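Residue numbers (the working numbering): 2 to 202. Yeah, the Cβ is synthetic: ideal placement off N, Cα and C, and Gly gets one too. These figures come from a predicted structure and were not determined experimentally. Here is the structure we will look at.
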């Protein structure tokens, strides 16, 4: 269903899977929807089986295919309200970073159902016959969160909550290597040992 929906959106935009750049864009969009389906399913499974419905519950979202560069420091001073959410500042690309978020109860539900916002955005473009390029996931997330009247804050530290994306061969995504100034020859096991040594000092 996800593949059919994305392929239809690509056809509407005139994207050909024969073109390498377009093929990458289509696959990226499919991954956005796969991630969205998994997040929604996991969140509501937890809601059903663990009954976390208190207003003082704090929700932490982190993408599974990432490597955490440093300990997660969550200051008590955040004092998150029901509709508050905090995201990293880095790699937001005109929207909001999608690798990590800390949210209050109501904002967590909205964040966990962001796939609905993505669907709405694509269907709206289709109904309005818009031909502008597909928005990236960060921009789609921004529109969904703000459209639901959430209080979104980006962490004041430009490098806080640094989760690096990992590929199937355990290599770090090239864009992340540049963003966090990691040696291009550094492997994931080496990086893990390096960070572990730093934390023991």
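- Sequence-distant Cβ neighbours of residue 73 in its own chain, meaning closer than 7 Å and more than five residues away, are 162.
- Here residue 60 carries a strand assignment [DSSP, helix/strand/coil].
- A direct Cα-to-Cα measurement between residue 164 and residue 176 gives close to 12 Å.
- Rounded to the nearest angstrom, the Cβ distance from residue 44 to residue 113 is 4 Å, consistent with a contact under 8 Å.
- Assigned with DSSP and collapsed to three states, residue 170 falls in coil, not helix or strand.
- Scanning 83, 129, 65 and 125 for the CA closest to the CA of residue 108 turns up 83.
- In this structure, 69 is the residue among 69, 81, 128 and 80 with its C-alpha nearest to the C-alpha of residue 101.
- Between residue 38 and residue 116, the C-beta gap is smaller than 8 Å, which places the two residues in contact.
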